[in-house]
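Peer 1:
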């Protein structure tokens, strides 16, 4: 019987020891002896304080209480360094049961002890890892939270809590949509409920949303909800993450307003505006360009600038564009002679072009301002025609006046040949007057500038 009992104790999956009334080991199996750091034979006759000097006295107090009360103390944990000073900790889960003699009196202890060192080390490693992960998450500016699949907030890192002036206890265990960040707006809460349902079904949900922060302020966040799966693929949690994009949204709004202003200015200008790159490709046009040339916007953007020029000038213009981009500077075109552009229907019209180089995202571009000068050109043509006609008329008048004065002068000269001295003097004065009139007429006819007339020339 004793041999059978010994075999049972030795094959037990846990450590077992039997102690007498003086708390001396009378039997201990190899499993528990190895856990205590001594051979089984060296335990016999010793007390726990002899084998485990750092915790033995405390263990004996528990044993005495069990013997005194007759009530077992189960599943308590103990730990100590084995050997002492080594830094290696052994952990146990122990249960002490009283032994009774034939009279029903407690006469010893049956100790059932499980070495849980590996389990404890794993728990400590997990705890250390969890603490490390939390420290990492708390150091992030990104907002991170862990939800159950039905939307209850289980964990949150420091960033969203500090931004909202909360502690974890205020939100942990609550439905995420009922937490401070979301509860300011029913529509926002409904949107989050829908996102949780979609994520719990396996979908990653991402959208921009406005949430509440400290002192009832508002923050725009880029929010994402992702399902977390276990090894079998089952969704066990939802991971919520977000970043503050308030500044980005404000910048986007400012940029949008700026673009609106720019577009309104560009579209409302009475001149045609066109952005061209270094290869002569049209990148942007305004409404006036569409009206001026008869093309729609999509027909011109991406096309060569040569499409707007008459055929004889297209090849020549390629070299002009290359030359301009080699030495870009603000300048105007058609200063000396008119420049003609060609509409979609093939008709041509005179125009003036102003060129302004600029850099957009390190790319050299040119803004061309195109003015239709058809009316001015037509008026100039008519003025030049009228001036030419007046010049011809003036030449004819001058010719006739000059001839008539010459005839008068000749007649006076003939008359003076047979006149008396008194009459001859008068005729000579008349001839001088006629010559003076002819000279003045000749000088005035030959003069180009009538803004100032030097009278001394005509008086002399």
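Residue numbers (the working numbering): 3 to 462. Heads up, the beta-carbon is just placed ideally off N, CA and C, and yes, glycines get one too.
#1: Is DSSP giving residue 348 helix, strand or coil here?
#2: If you pair each beta-carbon of the stretch 344 to 351 with each one of the stretch 287 to 306, do three or more pairs fall below 8 Å?
#3: Residue 416 to residue 422, Cα distance in whole Å?
#4: For residue 270, which option in 279, 288 and 391 has the closest C-alpha, if you only look at C-alpha atoms?
#5: Considering only their Cβ atoms, is the gap separating residue 267 from residue 286 smaller than 8 Å?
#6: Restricting to runs no shorter than 4 residues, where is the alpha helix (DSSP H) found entirely within the stretch 393 to 452?
#7: Counting along the chain, where does the beta strand (DSSP E) carrying residue 156 start and finish?
#8: If you count every other CB in all the chains shown that lies within 10 Å of the CB of residue 394, and 16 or more means buried, which is it?
#9: Residues in its own chain within less than 6 Å of residue 418 by CB, not counting five upstream and five downstream?
#10: Evaluate the contact criterion for the stretch 240 to 250 versus the stretch 272 to 284: three or more CB pairs, one atom per stretch, below 8 Å.
#11: Since residue 259 is in the beta strand (DSSP E), which residue starts that stretch and which ends it?
#12: What are the boundary residues of the alpha helix (DSSP H) that includes residue 61?
#13: With a threshold of 16 other CB atoms inside 10 Å of the CB of residue 259, please say whether the residue is buried or exposed.
#14: Could you say if the stretch 379 to 398 and the stretch 406 to 415 meet the contact criterion of at least three C-beta pairs nearer than 8 Å?
#15: Can the beta-carbon of residue 21 be found closer than 8 Å to that of residue 87?
#16: Using the beta-carbon count (16 or more within 10 Å), is residue 368 buried or exposed?
#17: Three-state secondary structure (DSSP) at residue 174?
#18: Give the secondary structure of residue 315 by DSSP, where H, G and I count as helix, E and B as strand, and everything else as coil.
#19: Starting from residue 78 and walking both ways along the beta strand (DSSP E), at which residues does that stretch end?
#20: Any heavy atom of the ligand COA within a distance shorter than 7 Å of the CB on residue 432?
#21: Taking only three categories from DSSP, how would you classify residue 13?
#22: Excluding the 5 residues preceding and the 5 following residue 11 in the sequence, name in chain order all residues of the same chain whose CB lies nearer than 8 Å to its CB.
#23: Measuring only the C-alpha atoms, how far is residue 265 from residue 356?
#24: Just the C-alpha distance for residue 305 and residue 284, rounded to the nearest angstrom, thanks.
#25: Is residue 338 helix, strand or coil when you go by DSSP?
#26: With a 10 Å radius around its C-beta and 16 neighbouring C-beta atoms as the bar for buried, classify residue 362 as buried or exposed.
#27: Which word fits residue 50, buried or exposed, when buried means at least 16 other C-beta atoms lie within 10 angstroms of its C-beta?
#28: Would you call the CB atoms of residue 80 and residue 61 closer than 8 Å?
#29: Is the stretch 178 to 196 close to the stretch 205 to 214, with three or more CB pairs under 8 Å?
#30: Determine the DSSP secondary structure at residue 99, reduced to helix, strand or coil.
#31: Would you mind giving the Cβ-Cβ distance between residue 149 and residue 240, rounded to the nearest angstrom? I have them listed as a contact below 8 Å.
#32: Counting along the chain, where does the beta strand (DSSP E) carrying residue 228 start and finish?
#33: Suppose contacts are defined by Cβ-Cβ distances below 8 Å. Is residue 37 in contact with residue 92 by that definition?
#34: Using a Cβ-Cβ cut-off of 7 Å (strictly less than) and excluding sequence neighbours within five positions of residue 3, which residues of its own chain qualify?
#35: Could you spell out where the beta strand (DSSP E) holding residue 143 opens and where it closes?
Peer 2: Result, derived from the coordinates:
#1: The residue given as residue 348 occupies position 346 in the chain shown. Looking at residue 348 - three-state DSSP - the assignment turns out to be coil, as it is neither helix nor strand.
#2: A contact between stretches requires three or more CB pairs, one per stretch, nearer than 8 Å, and the stretch 344 to 351 meets this requirement with the stretch 287 to 306.
#3: The residue labelled residue 416 in the question sits at position 414 within the chain shown. The residue labelled residue 422 in the question sits at position 420 within the chain shown. It is roughly 13 Å from the alpha-carbon of residue 416 to the alpha-carbon of residue 422.
#4: By 1-based counting over the chain shown, the position of residue 270 is 268. Of the listed residues, the one whose Cα sits closest to residue 270 is 288.
#5: By one-based count along the chain shown, residue 286 stands at place 284. By one-based count along the chain shown, residue 267 stands at place 265. Taking the C-beta atoms as reference points, residue 267 is found no nearer than 8 Å to residue 286.
#6: Runs of the alpha helix (DSSP H) inside the stretch 393 to 452: 423 to 448.
#7: Start at 1 with the first residue of the chain shown, and residue 156 comes out as number 154. For residue 156, the enclosing beta strand (DSSP E) stretches over residues 155 to 158.
#8: Indexing the chain shown from 1 puts residue 394 at position 392. By the C-beta density criterion, residue 394 is exposed, having fewer than 16 other C-beta atoms within 10 angstroms.
#9: Here residue 418 refers to the residue found at position 416 when the chain shown is read from its first residue. Excluding residues within five positions, the ones whose Cβ falls inside 6 Å are 426 and 429.
#10: No: fewer than three Cβ pairs fall under 8 Å.
#11: Taking the first residue of the chain shown as position 1, residue 259 is located at position 257. Note, residue 259: premise wrong, no beta strand (DSSP E); alpha helix (DSSP H) at 248 to 270.
#12: The residue you call residue 61 lines up with position 59 of the chain shown. For residue 61, the enclosing alpha helix (DSSP H) stretches over residues 58 to 71.
#13: For this step, residue 259 is matched to residue 257 along the chain shown. Exposed, since its Cβ has fewer than 16 Cβ neighbours within 10 Å.
#14: Contact fails between the stretch 379 to 398 and the stretch 406 to 415, because fewer than three Cβ pairs, one in each stretch, are under 8 Å apart.
#15: Start at 1 with the first residue of the chain shown, and residue 21 comes out as number 19. Start at 1 with the first residue of the chain shown, and residue 87 comes out as number 85. Cβ atoms of residue 21 and residue 87: not closer than 8 Å.
#16: Along the chain shown, one-based indexing puts residue 368 at 366. Around the beta carbon of residue 368, a 10 Å sphere encloses 16 or more other beta carbons of the protein chains shown; the residue is thus reported as buried.
#17: Position 172 of the chain shown, counted from the first residue, corresponds to residue 174. The three-state secondary structure of residue 174, taken from DSSP, is coil.
#18: Locating residue 315 in the chain shown gives position 313, where the first residue counts as 1. Residue 315 carries a helical assignment under DSSP once its states are collapsed to helix, strand and coil.
#19: In the chain shown, residue 78 corresponds to position 76, counting from 1. Counting along the chain, residue 78 sits inside the beta strand (DSSP E) bounded by residues 75 to 83.
#20: The ligand COA is absent from the structure shown, which contains no ligand whatsoever.
#21: On the chain shown, residue 13 is found 11 positions in, with the first residue counted as 1. It is coil, neither helix nor strand.
#22: One-based indexing of the chain shown puts residue 11 at position 9. Same-chain partners within the cutoff: 18, 29 and 31.
#23: What you label residue 265 is simply residue 263 of the chain shown in a count that begins at 1. What you label residue 356 is simply residue 354 of the chain shown in a count that begins at 1. The straight-line gap from Cα to Cα measures roughly 19 Å.
#24: As a first step, residue 305 must be located in the chain shown, where it is residue number 303. As a first step, residue 284 must be located in the chain shown, where it is residue number 282. Near 6 Å, if we compare the C-alpha coordinates of residue 284 and residue 305.
#25: As a working note, residue 338 is residue 336 in the chain shown. Confidence is the limiting factor: at residue 338 the pLDDT is only 44, short of 50, which leaves the residue's position unreliable, though a coordinate-based value still follows. Reduced to three states, the DSSP call for residue 338 is coil.
#26: One-based indexing of the chain shown puts residue 362 at position 360. Taking all protein chains shown into account, residue 362 has fewer than 16 neighbouring C-beta atoms within 10 Å of its C-beta and is therefore exposed.
#27: The residue labelled residue 50 in the question sits at position 48 within the chain shown. With 16 or more neighbouring CB atoms inside 10 Å of its own CB, residue 50 falls in the buried class.
#28: By 1-based counting over the chain shown, the position of residue 80 is 78. By 1-based counting over the chain shown, the position of residue 61 is 59. Judged by beta-carbon spacing, residue 61 lies within the 8 Å limit of residue 80, meaning their Cβ atoms are closer than that value.
#29: Flag = yes, the stretch 178 to 196 and the stretch 205 to 214 touch.
#30: What you label residue 99 is simply residue 97 of the chain shown in a count that begins at 1. Per DSSP, reduced to three states, the secondary structure at residue 99 is strand.
#31: Mapped onto the chain shown, residue 149 falls at position 147. Mapped onto the chain shown, residue 240 falls at position 238. Yes, residue 149 and residue 240 are in contact; Cβ-Cβ is about 4 Å, under 8 Å.
#32: One-based indexing of the chain shown puts residue 228 at position 226. First-last of the beta strand (DSSP E) with residue 228: 219 to 231.
#33: Numbered from 1 along the chain shown, position 35 holds the residue referred to as residue 37. Numbered from 1 along the chain shown, position 90 holds the residue referred to as residue 92. Between residue 37 and residue 92, the gap from beta carbon to beta carbon is short of 8 Å.
#34: In the chain shown, counting from the first residue as 1, residue 3 sits at position 1. The predicted model places residue 3 with a pLDDT of 38, which falls under 50 and marks its position as unreliable; any figure quoted below should be read in that light. Contacts found: none.
#35: For the purposes of this step, residue 143 is taken as residue 141 along the chain shown, with counting starting at 1. First-last for residue 143: undefined, no H or E at that position.
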